[in-house]
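When the sequence shown is numbered by my numbering, its final residue is 124 and no position is left out of the sequence of numbers.
Yeah, the Cβ is synthetic: ideal placement off N, Cα and C, and Gly gets one too.
Quantities reported herein were computed from a predicted structural model and do not represent experimental measurements.
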Amino acid sequence: MRKPAKTYRDLLVWQKAVGAAGLAYRVTKGFPRAELYGLTAQLRRCAVSVPSNIAEGFGRRGQSEFLRFLLIARGSIFELETQSLIALNVGLMQEDAYTELAAAYDEVERMMETLIRTVQSKR
């Protein structure tokens, strides 16, 4: 049995989301300068939003508030997946980078779903 998390930094999903955000930054580093305020900024904002919302929700301490922020983080994952696909389709992102980023966020999304169900069951 796992010990309860004392801080958001103990949450494996937060750790994975931070790593995935770093990957999103590395992938978008190669985007054209003309996209700096377009898909580059959008992808990065979503990527940072995921672990940020997990951390903020954890800090609220109430289960309802935590759940609300987890759902916001999950929405950011869906946004990021959509924007990544658009970047792939318009030729800004290479297939291998898309595959790597999608795999990282699929893992985070699965972990988020588990955490969401756990928090919902405690309410």
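Let me check understanding here. Comparing Cα to Cα, which of the options lies closest to residue i?
| i | options | result |
| --- | --- | --- |
| Val1 | Asn54, Tyr99, Leu86 | Since the first residue shown for the chain is 2 and the last is 124, residue 1 is missing from the structure and cannot be characterised. |
| Glu66 | Gly76, Asn54, Ser85 | Asn54 |
Do we get a CB-CB distance below 8 Å when we pair residue i with the residues of chain D?
| i | result |
| --- | --- |
| Ala21 | Considering every chain present, this structure includes no chain D. It has just one protein chain. |
For residue i versus residue j, is the C-beta distance shorter than 8 Å?
| i | j | result |
| --- | --- | --- |
| Leu71 | Ile117 | yes |
| Glu101 | Leu24 | yes |
| Leu68 | Val120 | yes |
| Gln84 | Arg124 | no |
What is the rounded straight-line gap between the Cα of residue i and the Cα of residue j?
| i | j | result |
| --- | --- | --- |
| Val22 | Pro33 | Looking at the sequence shown, residue 22 is not Val but Ala. Answer to the nearest angstrom: the Cα atoms are 19 Å apart. |
| Ser122 | Val91 | 42 Å |
| Met113 | Arg75 | 7 Å |
| Thr115 | Lys30 | 31 Å |
| Val49 | Glu96 | 22 Å |
| Gly20 | Tyr26 | 10 Å |
Might you give, ordered along the chain, the residues of its own chain that have their beta carbon closer than 6 Å to the beta carbon of residue i, omitting 5 neighbours on each side?
| i | result |
| --- | --- |
| Ala6 | Leu12 |
| Ala88 | Leu40, Met94 |
| Trp1 | Outside the modelled stretch of the chain, which goes from 2 to 124, sits residue 1, for which no answer is possible. |
In its own chain, which residues sit with a C-beta less than 8 Å from the C-beta of residue i, not counting the 5 before and 5 after it?
| i | result |
| --- | --- |
| Ile78 | Cys47, Val51, Tyr106, Val109, Glu110, Met113 |
| Ala18 | Val51, Pro52, Ile55, Ala74, Val109 |
Run the proximity test for residue i: is its beta-carbon closer than 7 Å to any non-hydrogen atom belonging to the ligand ZN?
| i | result |
| --- | --- |
| Leu102 | Of the ligands one can find in the structure shown there are none, so the ligand ZN has no counterpart to examine. |
Report all residues from its chain with a CB closer than 7 Å to the CB of residue i; omit the five preceding and five following residues, and keep chain order.
| i | result |
| --- | --- |
| Ile73 | Asn54 |
Q | Inter-stretch contact (C-beta, 8 Å, three-pair minimum) for the stretch 57-64 and the stretch 32-44 | A | Verdict: no, contact absent.
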